[in-house]
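*Asks:*
Printed below as a string of structure tokens:
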């Protein structure tokens, strides 16, 4: 058993509440810019006073609508300015925000609204409202459905104009730091989603100690800013939202991770980015494809190797003169253009949700964008460990942030303690009891190891361990992450439980396939090409690369390219893009049997 702790840096007072900073800044520096809001394609500054006024107007309307202290109010919307104002408004009246992904099905929506006992729900569109209405007969607690778009939110806030400022202030200051702030439902990869009870203390403790710990350089840059584009229903983006408010970082919102997002970077010019590894993979793949199509593939690949070598040399403490010169040349030819695509001002990025991979991490740092990987779960208010720009051990997820302890159990499970840990699971005392060991350590369900500096490396999920017929334990995450690093691969699921060898189901990235077809004079879609010898050979390269990281018994012997990608719509992925292994195994059981029958 190994354990590592960091002393707390910022203690949270008993009377602290999440909206305090919003109201304090409006009084102390009303004209300072708090956020930027996109309207008609243009970014406009939102001052501290304007933001506070928008939060207050929505909060007063909630009071007028009869929302009481402790009531749960759900919020279903894409990432947008109103998401943040509504979130802080709910907190300002002592309410509890219950996020719902805008992509959630009617059944998923019904479960969260019902289990949480939400009294009201904000929805972004009329289509969302219809989704709620389709299951409303089973929602005995739900009173109101309020729409954001089409001027409906303005009409709603008009209902609160008669509420006095003193009434709102009384409601805002009535609670304390240990009251419930939000119920965030887990992705539900193995069953019904569970509501994680996070308090004001959980969230404030996390962000204050992260901001004054591993992320201090990120959140203390002059003129700091970022665009949030990941779903705010996810705890990762949500904690960054609070982090921006608490650190006076200018924040913008963008509703999609589509191709148009990249164009916004050059306009907004963020100083840091928040993304999942797939976003960084796409940035790299796009740059590579563009270089190859322009006949500059050799230059690009040489620049990639130089960037990786430069980053690794930084870790060793010595960068050879020849490498410095080569790096400087590629800086003008390649790296500067890539950095310009990300706005030209970003020096840091925060990555989470899954493993980034050492090669990509070294590449981006060599280019000039330090990607800081962290680790955590919804139950830990998002982070529990993080790297820092000063000591960024690429390939690890960092050390516990101040005030957090991490322990590795005898079976390799990662355990943690700290004020960032949830209060429990809503309406589920059995699951809450099972989530903690006899000494009060939270069981993450992940497997990992700690090095001599307390830096954590995650090796897989405890419940996802595959046991082959020969009794070999295989952690699929290590292999899958490396296979997915290939531009052509979208998703991968390793199988082999009670089988004689390990195999894999592979899906193809549709954008990357289009480029590959152009380069290889091919036609057809994935279904047409799933057994094409050239495509199979390209995927085999990804398999060979992954097999280099594991023993022969753990290596992938066979694979099958599936005709379609995994998706949330088909039930194979969660809204936070986690794989539902049991669903995939059931839906593609025939394909799995074909692998082992051959």
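Numbering (the working numbering), first residue to last: 1376 to 1973.
All C-beta atoms in this analysis are idealised placements derived from N, C-alpha and C, irrespective of residue type, glycine included.
Being a predicted model, the structure only gives us computed values, none of them experimental.
What is the residue span of the alpha helix (DSSP H) that residue 1969 lies within?
*Replies:* Position 594 of the chain shown, counted from the first residue, corresponds to residue 1969. First-last of the alpha helix (DSSP H) with residue 1969: 1964-1972.
*Asks:* Can you give me the C-alpha to C-alpha distance between residue 1735 and residue 1398, rounded to a whole angstrom?
*Replies:* Position 360 of the chain shown, counted from the start, is the residue given in the question as residue 1735. Position 23 of the chain shown, counted from the start, is the residue given in the question as residue 1398. For residue 1735 and residue 1398, the distance between alpha carbons rounds to 41 angstroms.
*Asks:* How is the beta strand (DSSP E) around residue 1851 delimited, first residue to last?
*Replies:* Against the chain shown, residue 1851 aligns to sequence position 476. Run containing residue 1851: none in the beta strand (DSSP E); it sits in the alpha helix (DSSP H), 1851-1859.
*Asks:* Among 1654, 1715, 1681 and 1922, which one has its Cα closest to the Cα of residue 1703?
*Replies:* Reading the chain shown from its first residue, position 328 is the one you call residue 1703. Closest by alpha carbon: 1681.
*Asks:* Please list the segments of the alpha helix (DSSP H) lying wholly inside the region 1564-1634, counting only runs of 4 or more residues, in order along the chain.
*Replies:* Listed in chain order, they are 1575-1586 and 1610-1622.
*Asks:* Taking 8 angstroms as the cut-off, does the region 1597-1615 touch the region 1648-1661 (at least 3 CB pairs, one atom from each stretch)?
*Replies:* Yes: at least three Cβ pairs fall under 8 angstroms.
*Asks:* Please go through the same chain and pick out, in chain order, the residues whose beta-carbon is closer than 8 angstroms to the beta-carbon of residue 1824, but skip the five residues on each side of it.
*Replies:* Mapped onto the chain shown, residue 1824 falls at position 449. 1377, 1783, 1787, 1831, 1832 and 1834.
*Asks:* Is there contact between the region 1793-1812 and the region 1573-1582, where contact requires at least three CB pairs shorter than 8 angstroms?
*Replies:* Touching, yes, given that three or more Cβ pairs across the two stretches are closer than 8 angstroms.
*Asks:* Checking the sheet assignment: what are the DSSP bridge partners for residue 1823?
*Replies:* Numbered from 1 along the chain shown, position 448 holds the residue referred to as residue 1823. Residue 1823 pairs with 1833.
*Asks:* Tell me the DSSP secondary structure of residue 1903 in three-state form.
*Replies:* On the chain shown, residue 1903 is found 528 positions in, with the first residue counted as 1. Residue 1903 falls in the helix class under three-state DSSP.
*Asks:* What are the uninterrupted segments assigned as alpha helix (DSSP H) that are 4 or more residues long and contained completely in the region 1688-1720, given in chain order?
*Replies:* Listed in chain order, the complete alpha helix (DSSP H) runs (minimum 4 residues) inside the region 1688-1720 are 1696-1705 and 1711-1716.
*Asks:* Taking the continuous alpha helix (DSSP H) assigned at residue 1433, which residues delimit it?
*Replies:* As a first step, residue 1433 must be located in the chain shown, where it is residue number 58. Looking at the DSSP string, the run of the alpha helix (DSSP H) that includes residue 1433 is 1423-1439.
*Asks:* According to DSSP, which residues form a beta bridge with residue 1735?
*Replies:* Translated into the one-based positions of the chain shown, residue 1735 becomes position 360. Per DSSP, none; premise fails for residue 1735.
*Asks:* May I have a chain-ordered list of the beta strand (DSSP E) segments no shorter than 3 residues that lie completely inside the region 1508-1573?
*Replies:* DSSP runs (the beta strand (DSSP E)) wholly in the region 1508-1573: 1519-1522 and 1555-1560.
*Asks:* Which runs of the beta strand (DSSP E) spanning at least 3 residues fall entirely within the region 1740-1787, listed in chain order?
*Replies:* Whole beta strand (DSSP E) segments, 3+ residues: 1745-1752, 1757-1761 and 1780-1783.
*Asks:* What would DSSP say about residue 1463, mapped onto helix, strand or coil?
*Replies:* By 1-based counting over the chain shown, the position of residue 1463 is 88. Three-state result, residue 1463: helix.
*Asks:* Output the boundary residues of the alpha helix (DSSP H) element that contains residue 1882.
*Replies:* For the purposes of this step, residue 1882 is taken as residue 507 along the chain shown, with counting starting at 1. Premise fails: residue 1882 lies in the beta strand (DSSP E), 1877-1883, not in any alpha helix (DSSP H).
*Asks:* According to DSSP, which residues form a beta bridge with residue 1487?
*Replies:* Taking the first residue of the chain shown as 1, we reach residue 1487 at position 112. Looking at the DSSP assignment, residue 1487 forms no beta bridge with any residue, so it has no partner.
*Asks:* Give the range of the alpha helix (DSSP H) segment to which residue 1805 is assigned.
*Replies:* On the chain shown, residue 1805 is found 430 positions in, with the first residue counted as 1. Element bounds for residue 1805: 1804-1809.
*Asks:* When you compare the CB positions of residue 1774 and residue 1829, do they come within less than 9 angstroms of one another, or not?
*Replies:* Locating residue 1774 in the chain shown gives position 399, where the first residue counts as 1. Locating residue 1829 in the chain shown gives position 454, where the first residue counts as 1. Taking 9 angstroms as the Cβ cut-off, residue 1774 and residue 1829 qualify as a contacting pair.
*Asks:* Can you tell me which of the three DSSP states residue 1936 falls into?
*Replies:* The residue given as residue 1936 occupies position 561 in the chain shown. Residue 1936: strand per DSSP, three-state reduction.
*Asks:* Which residues mark the beginning and the end of the beta strand (DSSP E) in which residue 1379 is found?
*Replies:* Position 4 of the chain shown, counting from 1, holds the residue named residue 1379. 1377-1380 is the span of the beta strand (DSSP E), which, as asked, contains residue 1379.
*Asks:* In angstroms with no decimal places, state the Cα-to-Cα distance between residue 1698 and residue 1769.
*Replies:* To locate residue 1698, count along the chain shown from 1; it is residue 323. To locate residue 1769, count along the chain shown from 1; it is residue 394. Near 20 angstroms, if we compare the C-alpha coordinates of residue 1769 and residue 1698.
*Asks:* Decide if residue 1444 is buried, meaning its Cβ has at least 16 other Cβ atoms within 10 Å, or exposed.
*Replies:* For the purposes of this step, residue 1444 is taken as residue 69 along the chain shown, with counting starting at 1. Exposed is the call here.
*Asks:* Can you check whether the CB of residue 1641 is closer than 9 angstroms to the CB of residue 1719?
*Replies:* Start at 1 with the first residue of the chain shown, and residue 1719 comes out as number 344. Start at 1 with the first residue of the chain shown, and residue 1641 comes out as number 266. Result yes, Cβ atoms of residue 1719 and residue 1641 sit closer than 9 angstroms.
*Asks:* Would you mind sorting residue 1875 into buried or exposed? The rule is 16 or more other CB atoms within 10 Å of its CB.
*Replies:* On the chain shown, residue 1875 is found 500 positions in, with the first residue counted as 1. Classification of residue 1875: exposed, given that the 10 Å Cβ count is below 16.
*Asks:* For residue 1411 and residue 1643, which I take to be in contact (beta-carbon distance under 8 angstroms), what is that distance rounded to the nearest angstrom?
*Replies:* Translated into positions along the chain shown, residue 1411 becomes position 36. Translated into positions along the chain shown, residue 1643 becomes position 268. Correct: roughly 7 angstroms between the Cβ atoms.
*Asks:* Just to confirm my understanding: we take residue 1435, look at its own chain, exclude 5 residues before and 5 after, and list those with CB closer than 6 angstroms. What are they?
*Replies:* Within the chain shown, the letter at position 60 stands for residue 1435. Contacts found: 1535, 1538 and 1543.
*Asks:* Pull up the distance between the alpha-carbon of residue 1683 and that of residue 1694, whole angstroms please.
*Replies:* Within the chain shown, residue 1683 is the residue found at index 308, counting from 1. Within the chain shown, residue 1694 is the residue found at index 319, counting from 1. Roughly 12 angstroms between the two C-alpha positions.
*Asks:* If contacts are defined as beta-carbon pairs under 8 angstroms, then residue 1552 and residue 1388 qualify, I think. What distance do you get, rounded to the angstrom?
*Replies:* Walking along the chain shown from the start, residue 1552 turns up at place 177. Walking along the chain shown from the start, residue 1388 turns up at place 13. Indeed they touch by this definition, with Cβ atoms about 7 angstroms apart.
*Asks:* Decide if residue 1741 is buried, meaning its Cβ has at least 16 other Cβ atoms within 10 Å, or exposed.
*Replies:* Start at 1 with the first residue of the chain shown, and residue 1741 comes out as number 366. Buried, because 16 or more other Cβ atoms sit within 10 Å of the Cβ of residue 1741.
*Asks:* How big is the Cα-Cα spacing for residue 1527 and residue 1448?
*Replies:* Along the chain shown, read from residue 1 onward, the residue named residue 1527 stands at position 152. Along the chain shown, read from residue 1 onward, the residue named residue 1448 stands at position 73. Going by the C-alpha atoms only, they are around 17 angstroms apart.
*Asks:* Going by DSSP, what residue range makes up the alpha helix (DSSP H) through residue 1915?
*Replies:* In the chain shown, the residue the question calls residue 1915 occupies position 540. That run of the alpha helix (DSSP H) goes 1908-1922.
*Asks:* Who are residue 1474's beta bridge partners in DSSP?
*Replies:* Working through the chain shown from its first residue, we reach residue 1474 at position 99. Bridge partners of residue 1474: 1450.
*Asks:* Could you check if residue 1678 is buried or exposed, using at least 16 other CB atoms within 10 Å of its CB as the buried criterion?
*Replies:* Residue 1678 sits at position 303 when you count from the first residue of the chain shown. That one is buried.
*Asks:* Hey, how far is the Cα of residue 1394 from the Cα of residue 1466?
*Replies:* Translated into the one-based positions of the chain shown, residue 1394 becomes position 19. Translated into the one-based positions of the chain shown, residue 1466 becomes position 91. Going from the Cα of residue 1394 to the Cα of residue 1466 covers about 7 angstroms.
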